[in-house]
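**Q** Sharing a structure below in structure tokens format, with a few things to ask.
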Amino acid sequence: MVALKSVFLKDLALAYRQRAELMQPLMFFVLVITLFPLAIGPSPETLQRIGGGVIWVAAILSLLLGMERMFRDDFADGSLEQYMLSPTPLYMIVVVKVFTHWLMHIVPLFLISPLLALFLHLTFDMYVALMLTLLLGTPLISFVGAIGVALTVGLHRGGVLLALLLIPIFIPLLIFATSAIESASMLLPYHPQLAIIAALLLFSVALSPMAIAYSLKVSQN
Amino acid sequence: MSVLLAQQLVCEKSDRQLFSDINIELSSGQLLYVTGENGAGKTSLLRILVGLSAPATGKVHINGFDIHKDMPSASQGLLYFGHKQGISQLLSALENLQFWCQQHDVKATEEAINGVLAELGLTGLEDIAVKNLSAGQQRRVALAKLWLQQDASLWVLDEPFTALDVHLIAELEAKITLFLKSGGTVVMTSHQKLSIDYPISNLHLDYSW
Amino acid sequence: MWKWINSFAKPEKAYWLCDVLQNWFAVVATASLVIGIVWGLGFAPSDYQQGDSFRIIYIHVPSAILAMGAYVAMAIAALVGVVWQWRTAFMFMIAIAPVGAVMTFISLFTGSFWGKPMWGTWWIWDARLTSQLILLFLYLGVISLYTAFEDKQQAGKAAGVMAMVGVINIPIIHFSVEWWNTLHQGATITKIGKPSIALEMYWPLLICIVGFATFIGWVTIVRMKNEIIMRDLHRPWVAKRFGGLVDLEAAVANEKDMKGGQ
Amino acid sequence: MTFQFENMTDFFNMGGYAFFVWASFIGTFICMFGILFQSLYVSKKIKQGVEKETVRAQRIMAARAARKIKQQAKIKEVSNEPKT
Chain A
1 MVALKSVFLK DLALAYRQRA ELMQPLMFFV LVITLFPLAI GPSPETLQRI
51 GGGVIWVAAI LSLLLGMERM FRDDFADGSL EQYMLSPTPL YMIVVVKVFT
101 HWLMHIVPLF LISPLLALFL HLTFDMYVAL MLTLLLGTPL ISFVGAIGVA
151 LTVGLHRGGV LLALLLIPIF IPLLIFATSA IESASMLLPY HPQLAIIAAL
201 LLFSVALSPM AIAYSLKVSQ N
Chain B
1 MSVLLAQQLV CEKSDRQLFS DINIELSSGQ LLYVTGENGA GKTSLLRILV
51 GLSAPATGKV HINGFDIHKD MPSASQGLLY FGHKQGISQL LSALENLQFW
101 CQQHDVKATE EAINGVLAEL GLTGLEDIAV KNLSAGQQRR VALAKLWLQQ
151 DASLWVLDEP FTALDVHLIA ELEAKITLFL KSGGTVVMTS HQKLSIDYPI
201 SNLHLDYSW
Chain C
1 MWKWINSFAK PEKAYWLCDV LQNWFAVVAT ASLVIGIVWG LGFAPSDYQQ
51 GDSFRIIYIH VPSAILAMGA YVAMAIAALV GVVWQWRTAF MFMIAIAPVG
101 AVMTFISLFT GSFWGKPMWG TWWIWDARLT SQLILLFLYL GVISLYTAFE
151 DKQQAGKAAG VMAMVGVINI PIIHFSVEWW NTLHQGATIT KIGKPSIALE
201 MYWPLLICIV GFATFIGWVT IVRMKNEIIM RDLHRPWVAK RFGGLVDLEA
251 AVANEKDMKG GQ
Chain D
1 MTFQFENMTD FFNMGGYAFF VWASFIGTFI CMFGILFQSL YVSKKIKQGV
51 EKETVRAQRI MAARAARKIK QQAKIKEVSN EPKT
């Protein structure tokens, strides 16, 4: 327990000392969203119709961008080797690391989201649905994505490959999340979609730590 | 009981067989010195022994636990010191060592850590981010683990003498001897001649194609 | 029994098996592809709704089904490789991946050529086309991950993890895409007992499926043999089989002598 | 079982869908033959490569043996030097 807490605190400290790098995915997120009104036209109806999808696509892309950092430094400086040789099982450490990483990326995203909802003329119901789907969906992205990160951590320039591997896997999540927001825009109930996303999340949290730990070991070879 | 037991290890890298049929049995107080030319697989062997790489075939037991099956138990008394130093560049020396102690169940107070750092000539540099230290100083921070880890039974050291000055090499050799005399077991590789007043068993790895 | 199965984990034994099976697969594949396609193109009655354009079914359906099947086979091989550490399982995995990708590609463009006269458009974002497209991306992901690694043993394990993640995802993707949009006509042969198409159309389709399956097997075997030799290039059995070993052994012995003499 | 078309022209016409039907069949054959011949070609190349690789291994081993002889000779030379 002490060991896991120390991993959490260490990752927080490291993230704090690299604040600038943490801001980059967030700025990318905002910039991508700014592009859409410019490309499609500023009419509020159009923006409202595509708003949920645009925010979700941008969120996935920006999370993918920041994800590379998850194990990179630990791999490069050998901390990962020491984690593997510590008495705490690797998959537990991995869970803590992924969770910390998610926290570091989702909090700024949440803080900036009201502004984006304004930009894209989302109604209040859509905004609530957006928040809920982001809250349930982004940890799913982090946990499943961490498998890909763990696999590519030993490769030079694994960034594009990472996106190539992970984007197809996130398609179901994108579909359910945007469908929930669309239902909200028509004032229909959207808890089925939320329930499915929650189920996927639980499933991935249960299975992915093992896969991540295995992948990290493969990368160490 | 033997501290380290390796049976019929075979290692393959990129489908080239580096070595085959390596058997090692070490009991407490023994020093194994692994030699061989570049590319013969010294580092690979050490990484297999501590369980970081999987051998193509064969088994490794540390203190009776299979390292590739039961890593948490087997790594209890194990200290591995590899090419990568395992210290975060952004944290200070003190933070790094505190973190490492918490990770590995080593009880050490802040004073104790500062004391060890002072012993290694790092007084006054305890709270500076490691990236601002020189290569040799960073190496010392990593080596401090050897001074902190009191109850380890097996040290696996991969080239511990690189980037160290003469004094520190002597100190480290003394530390290793002390550890061996107190019943510890050491597996190590090095490019320079070992001047330790202690019986050394040698394992030579042949380059093979 | 288990020991017997396990013996195929050895590349040498697997190579022998591949050699035995290769010609059988080649013969069956060629024969049933020729029979099935000639039957389907010339002798099966034309569909009363779609006319002769429905004949594309004889390549579209087999390739679509087997693209999925090849992916599942690949993932099972990956599982075997990860759990029992079979080197040959990873070799099979990477041998079948490009074949499956080609099958997926075939099913996509034949679907498109069928869709143009039927729906009036080359591409429709309908559930089956979309999930087939995602399947192609999954294949490409596995293949590119494998090629990204220098060390092919590491590559096999990494690509294996990706293949398994993908196979867990396939039903989810299928379900989500179905939810998202259903426009495709109903499945043609899911009801095996009472097919919704006429028997005269059904038989050539079955033969074509067999033909495609054995074709995949054939190409996979050839590729797997390549993979085995490439990966075991430095082992004695390869050299023994394909000549040139004697000198190597002499050289090694020569060097050993030198060492003994020093 | 009867041939469904009146004559060969009719057969090639495919009830007006000639382009779509033949394009997809021909495309499929190109893909299938492509992957088959690529695999067979690689297999031929590899078998040639085995020989090349053996020659290379032999050269490496021979070079290492030669180097060892040279090194030993040097050591002998050093020890044979008269001590002054």
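Residue numbers (our numbering), protein chains in the order written: chain A, 1 to 221; chain B, 1 to 209; chain C, 1 to 262; chain D, 1 to 84.
The beta-carbon is built from N, C-alpha and C at its ideal position, and this holds for glycine as well.
Here the structure is a predicted model, which is why all the values come from computation and not from measurement.
#1: How would you call M68/C, buried or exposed, if buried means at least 16 neighbouring beta carbons within 10 angstroms?
#2: Tell me, please, whether the CB atom of L18/B is closer than 7 Å to any CB atom in chain A?
#3: Counting only the same chain and skipping the five closest in sequence on each side, list residues whose C-beta sits under 6 Å from that of L80/A.
#4: Residue range of the alpha helix (DSSP H) that F215/C falls in?
#5: Pull up the distance between the alpha-carbon of G15/D and that of F29/D, whole angstroms please.
#6: Going along chain D in order, which residues have a C-beta closer than 9 Å to the C-beta of N23/C?
#7: Is it the case that the Cβ atoms of L138/C and A159/C are separated by a distance below 7 Å?
#8: At the level of alpha carbons, what is the spacing between K74/D and T43/B?
#9: Would you decide whether L97/B is buried or exposed? Buried here means 16 or more other CB atoms lie within 10 Å of its CB.
#10: Answer yes or no: does any C-beta atom of chain B fall closer than 7 Å to that of P209/A?
#11: Buried or exposed for H191/A, please, with buried defined as at least 16 other CB atoms from any protein chain shown within 10 angstroms of its CB.
#12: Report all residues from its chain with a CB closer than 7 Å to the CB of V95/A; omit the five preceding and five following residues, and keep chain order.
#13: Excluding five sequence neighbours on each side, which residues of the same chain lie with their C-beta closer than 6 Å to the C-beta of S62/A?
#14: Check each candidate in A117/A, L14/A, I141/A and name the one with the smallest Cα separation from L44/A.
#15: Report yes if the CB atom of L31/B is closer than 7 Å to the CB atom of V3/B, and no otherwise.
#16: Are S88/B and D77/A touching if we call contact CB-CB under 7 Å?
#17: Identify, in the order they occur along the chain, each residue of the same chain with its Cβ nearer than 7 Å to the Cβ of L17/C, setting aside the five sequence neighbours on each side.
#18: Between the Cα of A177/A and those of G52/A, H156/A, W102/A, spot the shortest distance and give me the residue it belongs to.
#19: Pop quiz: A77/C and M103/C are said to be a contact at Cβ under 8 Å. What is the actual Cβ separation, rounded to whole angstroms?
#20: Looking at the structure shown, is H68/B part of a helix, part of a strand, or coil, going by DSSP?
#21: Counting only beta-carbon atoms, is I169/A nearer than 7 Å to chain C?
#22: Just reading off the alpha helix (DSSP H) that S112/C is part of, what are its end residues?
#23: Per DSSP, which residues does L79/B bridge with? Please list them.
#24: For Q220/A, would you say it is in contact with chain B, using Cβ-to-Cβ distances shorter than 7 Å as the test?
#25: Could you tell me whether the Cβ of W180/C comes closer than 7 Å to any Cβ of chain A?
#26: Is DSSP giving L18/B helix, strand or coil here?
#27: What residues of chain D sit near L17/C, judged by a beta carbon separation below 9 Å?
#28: Taking only beta-carbon positions, decide if F179/B is within less than 7 Å of chain E.
#29: List the residues of chain C that F20/D touches, going by C-beta distances under 8 Å, in chain order.
#30: Please say whether A144/B and L172/B have beta carbons closer to each other than 7 Å?
#31: Would the beta-carbon of T147/C fall within 7 Å of that of V28/C?
#32: Would you please verify whether the beta carbon of K157/C is less than 7 Å from any beta carbon of chain A?
#33: Since V165/C and I50/A should fall inside the 8 Å C-beta cutoff, what is the C-beta to C-beta distance between them, to a whole number of angstroms?
#34: The alpha helix (DSSP H) spanning Y127/A covers which residue range?
#35: Going by C-alpha to C-alpha distance, which of V72/C, W125/C, K116/C sits closest to V167/C?
#36: With a threshold of 7 Å between beta-carbons, can E81/A be considered close to chain B, or not?
**A** So, from the listed chains and residues:
#1: buried
#2: no
#3: D74
#4: 199–231
#5: 22 Å
#6: The contacting residues do not exist; N23/C stays about 13 Å from chain D at best.
#7: no
#8: 30 Å
#9: buried
#10: no
#11: exposed
#12: P209
#13: P25, F28, F29
#14: With the sequence shown as reference, residue 44/A is identified as Pro, and Leu is not the correct amino acid for it. Out of A117/A, L14/A, I141/A, A117/A has the C-alpha closest to the C-alpha of P44/A.
#15: no
#16: yes
#17: F8
#18: G52/A
#19: Contact flag wrong, Cβ pair sits at about 16 Å.
#20: coil
#21: yes
#22: 87–119
#23: W155/B
#24: yes
#25: yes
#26: strand
#27: None at all; the shortest Cβ gap to chain D is about 16 Å.
#28: In summary, chain E is missing from the structure at hand, where the protein chains are A, B, C and D.
#29: S53, I56, F113, W114, K116, P117
#30: no
#31: no
#32: yes
#33: That pair is no contact at about 30 Å.
#34: 124–152
#35: V72/C
#36: yes
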